Amino acid sequence: MISSIDSKAPAATQAAASQTVRALLGLRELILGGELAAGARISELWVVERLGVSRTPVRAALIRLQEEGLLDVIPSGGYAVRLFSESEIRDAIELRGTLEGLAARLAAERGVSESWLRHMQDCVDQIDDILAGELTEAKFSTYVEVNERFHRLLAAASSSSVIERQLEKVMSLPFASASAFVMVQSIDPGGRDVLVLAQAQHRSLLQAIRQREGARAEALMREHARIAHHNLQSAFDNQKAMTRLLGGNLIRRPAA
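Mapping of the sequence shown onto our numbering: position 243 corresponds to residue 465, and the numbering continues sequentially without gaps.
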């Protein structure tokens, strides 16, 4: 997560932080948007010229993207855009499910304040509104925002900074985030059914946390993450769907 810039920090520090953010977001967009193909080599100088920022923030951005898993370090120098296999993506989804399951269990066992539960319930209520009526492109986009907020709230509800940090790291991969495949569902005839199922799991999770049912909460989130496996397969089966997947250009298609 990119921290907000402290308004009390010296102007030079704020400017450097702003350039780092600009370099990180700009480079990530080039990769996930498909301008930089899987395997493409990236040099600091090229990014400096392409994004118009100095070398220090570019170097920081490259290191951050390598830590996130989007880049590989080349032994001879520089970085290359990673190519992801189907098994790697499925492993990342499983890891997210395991971590979110643990977060849910700890939230239930340790207890969550009523005000925090109301924030999570607000997300569920907003998703109910989104799923009512026709699912437009705008509604799918709003779903992504609200769904991501719900999952961030769950991570924080665990009262574990360790779990929060690890979830942030795994969900930085474009295919492992909670909303990675939502836009794929926008062209799937059964997309609404999948979102309705996910929403039912959201609702059951809140009930389990309120009732302090740790094992049930964990099982629900493990199962919830498995929806992404179905959506991944749908993307492989439909080339048009793959084009809607952020970072889909980085995925190695399974052999026919």
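All C-beta atoms, glycine included, are put in the ideal place defined by N, C-alpha and C. Just so you know, these numbers come straight off a predicted model, no measurement behind them.
Reference Gly319; option with closest CA among Val280, Ile473, Leu389, Leu246
Walking along the sequence shown from the start, residue 319 turns up at place 97. Of the listed residues, the one whose Cα sits closest to Gly319 is Leu389.
Practice problem: Decide yes or no for the touch test of the region 403–414 against the region 346–365: beta carbon pairs closer than 8 Å, at least 3 of them. | Solution: yes
- Assuming Leu417 contacts Met443 (C-beta within less than 8 Å), just tell me the rounded distance between them. Position 195 of the sequence shown holds residue 417. Position 221 of the sequence shown holds residue 443. With 8 Å as the limit, Leu417 and Met443 do not qualify as a contact, their Cβ atoms being about 17 Å apart.
Where Gln429 falls, given that 16 or more other Cβ within 10 Å makes a residue buried: Here residue 429 refers to the residue found at position 207 when the sequence shown is read from its first residue. By the 10 Å Cβ count, Gln429 comes out exposed.
Practice prompt. Just mark Ala259 as buried or exposed, buried being the case when its beta carbon has 16 or more other beta carbons within 10 Å.
Written response: The residue you call residue 259 lines up with position 37 of the sequence shown. Exposed, because fewer than 16 other Cβ atoms sit within 10 Å of the Cβ of Ala259.
- Going by the CB atoms, is the gap between His373 and Ala400 shorter than 8 Å? Within the sequence shown, residue 400 is the residue found at index 178, counting from 1. Within the sequence shown, residue 373 is the residue found at index 151, counting from 1. Closer than 8 Å, so yes.
Legend entry - Paired residues, beta bridge with Asp294 - DSSP: If you number the sequence shown from 1, residue 294 lands on position 72. Ala302, per the DSSP bridge assignment.
Margin query: Using 8 Å for Cβ pairs, my map puts Gly323 next to Leu395. What's the rounded Cβ distance?
Written below: Start at 1 with the first residue of the sequence shown, and residue 323 comes out as number 101. Start at 1 with the first residue of the sequence shown, and residue 395 comes out as number 173. The pair is not a contact, with the Cβ atoms about 18 Å apart (cut-off 8 Å).
Notebook entry, point to check: What residues are listed by DSSP as bridge partners for Arg263?
Noted result: The residue given as residue 263 occupies position 41 in the sequence shown. Partner(s): Ala302.
- Leaving out the 5 sequence neighbours to the left and right, which residues in its chain are closer than 6 Å to Lys361 when beta-carbon positions are compared? Indexing the sequence shown from 1 puts residue 361 at position 139. Here the set comprises Ile352.
Please state if the CB of Leu284 and the CB of Glu266 are separated by a distance shorter than 8 Å.
Along the sequence shown, one-based indexing puts residue 266 at 44. Along the sequence shown, one-based indexing puts residue 284 at 62. Closer than 8 Å, so yes.
Near Gln288, what residues of its chain come up, given a Cβ to Cβ distance below 8 Å and the 5 sequence neighbours on each side ignored? Your numbering for residue 288 matches position 66 in the sequence shown. Contacts found: Asp294, Val295, Tyr301.
Practice item. Answer with buried or exposed for Gln455, where buried requires no fewer than 16 other C-beta atoms within 10 angstroms of its C-beta. Key: Translated into positions along the sequence shown, residue 455 becomes position 233. Classification for Gln455: exposed.
Outcome for Gln241 when other beta-carbon atoms lying within 10 angstroms are tallied against a minimum of 16: The residue given as residue 241 occupies position 19 in the sequence shown. Buried, since its Cβ has 16 or more Cβ neighbours within 10 Å.
- Task: Decide if Ile473 is buried, meaning its Cβ has at least 16 other Cβ atoms within 10 Å, or exposed.
- Result: Along the sequence shown, one-based indexing puts residue 473 at 251. Classification for Ile473: buried.
inquiry  = Classify Pro297: buried if its beta carbon has 16 or more other beta carbons within 10 angstroms, exposed otherwise.
reply    = In the sequence shown, residue 297 corresponds to position 75, counting from 1. With fewer than 16 other Cβ atoms within 10 Å, it is exposed.
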